[in-house]
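What follows is a single structure, written as structure tokens, with notes after it.
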Amino acid sequence: MSKLIEVKKSNDQERIAKGKALYYISTRAMGIKKLGDKKGGRQFFSTRADATAAAKDLIAAQATGGVVSVHDAGTVGAALDAYIEKTELRCEKGAISAGHRRNLVDGANAWRDLDANGVPFQAVKCVDVTTALVEDVLLPQFTVTVKTIKEKMNPLKQAFDLAHKLAWCSHVNPVRQVKLEEVKYKGEAAAEAAELERFSIPEIRSLIVAASEYAGSDGLAVSFACQTGLRFGEQAALKWKHLDFDREVVRVRVALRKSAAGTISADIPKTTKQRKRSKSVRNVFLTADIMQRLKAWRLRSRFSGDDDFVFCTSIGTPQQTSDNWRKRVLHASCKSVGIPQLRWHDLRHFFASISLELYSNDLVRVSDLLGHESVDTTRSIYGHWIDDAERDANDADKLNAALWG
Numbered sequence: 001m002s003k004l005i006e007v008k009k010s011n012d013q014e015r016i017a018k019g020k021a022l023y024y025i026s027t028r029a030m031g032i033k034k035l036g037d038k039k040g041g042r043q044f045f046s047t048r049a050d051a052t053a054a055a056k057d058l059i060a061a062q063a064t065g066g067v068v069s070v071h072d073a074g075t076v077g078a079a080l081d082a083y084i085e086k087t088e089l090r091c092e093k094g095a096i097s098a099g100h101r102r103n104l105v106d107g108a109n110a111w112r113d114l115d116a117n118g119v120p121f122q123a124v125k126c127v128d129v130t131t132a133l134v135e136d137v138l139l140p141q142f143t144v145t146v147k148t149i150k151e152k153m154n155p156l157k158q159a160f161d162l163a164h165k166l167a168w169c170s171h172v173n174p175v176r177q178v179k180l181e182e183v184k185y186k187g188e189a190a191a192e193a194a195e196l197e198r199f200s201i202p203e204i205r206s207l208i209v210a211a212s213e214y215a216g217s218d219g220l221a222v223s224f225a226c227q228t229g230l231r232f233g234e235q236a237a238l239k240w241k242h243l244d245f246d247r248e249v250v251r252v253r254v255a256l257r258k259s260a261a262g263t264i265s266a267d268i269p270k271t272t273k274q275r276k277r278s279k280s281v282r283n284v285f286l287t288a289d290i291m292q293r294l295k296a297w298r299l300r301s302r303f304s305g306d307d308d309f310v311f312c313t314s315i316g317t318p319q320q321t322s323d324n325w326r327k328r329v330l331h332a333s334c335k336s337v338g339i340p341q342l343r344w345h346d347l348r349h350f351f352a353s354i355s356l357e358l359y360s361n362d363l364v365r366v367s368d369l370l371g372h373e374s375v376d377t378t379r380s381i382y383g384h385w386i387d388d389a390e391r392d393a394n395d396a397d398k399l400n401a402a403l404w405g
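Residue numbers (the numbering used here): 1 to 405.
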């Protein structure tokens, strides 16, 4: 019995924007006969009529024993194709963003040409893939961190889940049995070098003053980041209506998000994947200094309406990356005040430094201000900064009394 081949219309915004053909048929579906060494895939047509005619021809070929795809069934490459097809459909339905789709597809394709004992991994039959092959032969070929490898493992795991449904491999997914271990003991020097440095109030003040010498909103962007701790995406998407000067707070409600049409400003989800209230949606206090700077900038800015971006480009659009602020203002300011060159995200650590001092090392309050989902996240990043000499002395006295009376 021949496999039904449906005509579908792509909702890919990138294809629409470029005027590309939208109607397609897919030859990656389960049950379609496959032969040869090329991939099955989507075929696009300018009109539904053209796509329908092609689909009828392929259905007829199936009915008479012909083939419509030339990819070997049962190979890792075919499983990856099936996974990518599913991922693209999820994106078209709006289940995932275009940026997330690209990451998943790139992660899947990263496995294709790895050397599997002398042949490309994608040419290996799924039934012949073992956990040992993945652990001992494939993984050593990645020269990236364990965290990145784990991200690349997810598409492969799901591709083998699909392979199991197609009866291309045994009931046990060999990729899901892979064990990854991070190197925990890197030596004393490496451990000390990895500690995040806590910044002093005078250092932060001097950087803000140096950055303020720059005209426009670029210098203000540095000052704002130091005094609010917003993530780059949150700050870049900030509009004037999100600044409440009466209450002296910034209402963090939006952030930049990548889509097929480009980077856009979008609401921050109010709940996490675990259906808990998102801590990223929050209010952060505004100092008198930063409010004065913001009000002065609004009077000068050509984009000062409620729905305009506070830190926009020269044409009123949101900044796409922090590169301009970092390279043109931040690095130059660091050099002028004699502190090491910083990343943009380090300014968030500046705010954490101030907050820990202001709130007497109250990690719960600092966690709320930074928008961390859990205080455990704050503790893992900044816990080693907490230093209470009086408390340590009292604890030492208590332990001494317990031991020696």
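The beta carbon of each residue, even a glycine, is placed where N, CA and C say it ideally should be.
From this set, 316, 125, 117, 124, which residue's C-alpha is nearest residue 137's C-alpha? The residue from 316, 125, 117, 124 with its alpha-carbon nearest to that of residue 137 is 117.
For residue 252, count the other beta carbons within 10 Å of its own beta carbon; 16 or more makes it buried, fewer makes it exposed. Which is it? Residue burial is scored here from C-beta neighbours: residue 252 has at least 16 other C-beta atoms within 10 angstroms and is therefore classed as buried.
Output the residue ranges of the alpha helix (DSSP H) runs that lie fully inside the stretch 134-185 and measure 4 residues or longer, sorted by chain position. Whole alpha helix (DSSP H) segments, 4+ residues: 146-165.
Report the residue ranges of all alpha helix (DSSP H) runs contained in full by the stretch 190-236; include only those spanning at least 4 residues, in chain order. Correct list: 201-211, 218-228, 232-236.
For residue 114 and residue 158, believed in contact at Cβ under 8 Å, the rounded distance: Not confirmed; about 18 Å, so no contact.
Compute the Euclidean distance between the alpha carbons of residue 322 and residue 356, then round it to the nearest angstrom. Roughly 25 Å separates the two Cα atoms.
Between residue 341 and residue 231, what straight-line distance do the alpha-carbon atoms span, to the nearest angstrom? Near 19 Å, if we compare the C-alpha coordinates of residue 231 and residue 341.
Check whether the stretch 40-56 touches the stretch 4-22, counting contact only when three or more Cβ pairs, one atom from each stretch, lie closer than 8 Å. The stretch 4-22 and the stretch 40-56 touch, with three or more beta-carbon pairs separated by less than 8 Å.
By how many angstroms is the C-alpha of residue 249 removed from the C-alpha of residue 294? So the alpha carbons of these two residues sit roughly 12 Å apart.
Cβ pair count under 8 Å reaching 3, the stretch 74-94 against the stretch 50-61: No: fewer than three Cβ pairs fall under 8 Å.
Taking contact to mean 3 or more Cβ pairs, one atom from each stretch, closer than 8 Å, check whether the stretch 158-175 and the stretch 210-225 are in contact. In this structure the stretch 158-175 does not touch the stretch 210-225; the number of beta carbon pairs closer than 8 Å is below three.
Would you say residue 79 and residue 163 are within 9 Å of each other, going by their C-beta atoms? A distance below 9 Å separates the beta carbons of residue 79 and residue 163.
Measure the C-alpha to C-alpha separation of residue 152 and residue 287 and round it to an integer number of angstroms. Rounded to the nearest angstrom, the two C-alpha atoms are 43 Å apart.
Apply the 10 Å Cβ neighbour rule to residue 346 and answer buried if 16 or more other Cβ atoms are within range, or exposed otherwise. That one is buried.
For a test of the three-state rule: what should DSSP assign to residue 400, helix, strand or coil? Three-state result, residue 400: helix.
Across the stretch 301-316 and the stretch 238-248, are there enough close Cβ pairs to call them in contact, namely three or more that are closer than 8 Å? They touch, by the three-pair rule.
For residue 37, which residues in the same chain have their Cβ closer than 6 Å to its Cβ, ignoring the five residues on either side in sequence? Low per-residue confidence applies at residue 37: pLDDT is 42, beneath 50, and the placement is therefore not dependable, though the value from the model is reported in the following sentence. Sequence-distant Cβ neighbours of residue 37 in its own chain, meaning closer than 6 Å and more than five residues away, do not exist here.
Residue of 317, 225, 362, 130 minimising C-alpha distance to residue 289: Of 317, 225, 362, 130, the residue nearest in Cα terms is 225.
Can you give me the Cβ contacts of residue 8 inside the same chain, cut-off strictly under 8 Å, excluding the 5 residues immediately before and after it? Cβ within range, chain order: 23, 24, 25, 26.
Tell me which same chain residues have a C-beta within less than 6 Å of the C-beta of residue 367, skipping the five on either side of it? Closer than 6 Å at the Cβ level, and outside the excluded window around residue 367, lie 375, 378.
Return the chain-ordered list of same chain residues with a C-beta closer than 8 Å to the C-beta of residue 302, the five sequence neighbours on each side being excluded. Taken in chain order, the residues that qualify are 316.
Residues near residue 306 in its chain [Cβ-Cβ closer than 8 Å; skip 5 each side]: Its chain contains 239, 240, 241 as the residues whose beta carbon lies nearer than 8 Å to that of residue 306, once the 5 sequence neighbours on both sides are disregarded; these appear in chain order.
What span of residues does the beta strand (DSSP E) with residue 83 cover, start to end? From DSSP, residue 83 is part of no beta strand (DSSP E) but of the alpha helix (DSSP H) over 76-92.
Under the assumption that residue 386 contacts residue 203 (Cβ atoms under 8 Å), give the Cβ distance between them as a whole number of angstroms. Their Cβ separation, rounded to whole angstroms, is 19 Å, which puts residue 386 and residue 203 out of contact at 8 Å.
Which first and last residues belong to the beta strand (DSSP E) in which residue 283 is found? Where residue 283 is concerned, the enclosing beta strand (DSSP E) starts and stops at 282-285.
Residue 359 in three-state terms, based on DSSP: Three-state result, residue 359: coil.
Helix, strand or coil: how does DSSP classify residue 119 here? In the structure shown, residue 119 sits in a strand (DSSP, three-state: E or B).
Using DSSP's beta-bridge definition, name the partner residues of residue 409. Outside the displayed range of the chain (1 to 405) lies residue 409, so it cannot be described from this structure.
Using the rule of at least 16 other Cβ atoms within 10 Å of the residue's Cβ for burial, across every protein chain shown, is residue 94 buried or exposed? Classification for residue 94: exposed.
What whole-angstrom Cβ distance do residue 122 and residue 77 have, given they're in contact under 8 Å? Correct: roughly 3 Å between the Cβ atoms.
Count the other CB atoms, across all protein chains shown, that sit within 10 Å of the CB of residue 292; report buried if there are 16 or more and exposed otherwise. Within a 10 Å sphere around the beta-carbon of residue 292 sit fewer than 16 other beta-carbons, which makes this residue exposed.
Would you call residue 383 buried or exposed, if buried means 16 or more other Cβ atoms sit within 10 Å of its Cβ? With fewer than 16 other CB atoms across the displayed protein chains lying within 10 angstroms of its CB, residue 383 is exposed.
Exposed or buried, what is residue 101 when buried is set at 16 or more other beta-carbons lying within 10 Å of its beta-carbon? So residue 101 ends up on the buried side.
Identify which residue in 349, 284, 110 has its Cα closest to the Cα of residue 247. Selection 349, 284, 110 evaluated against residue 247 yields 284 as nearest (Cα-Cα).
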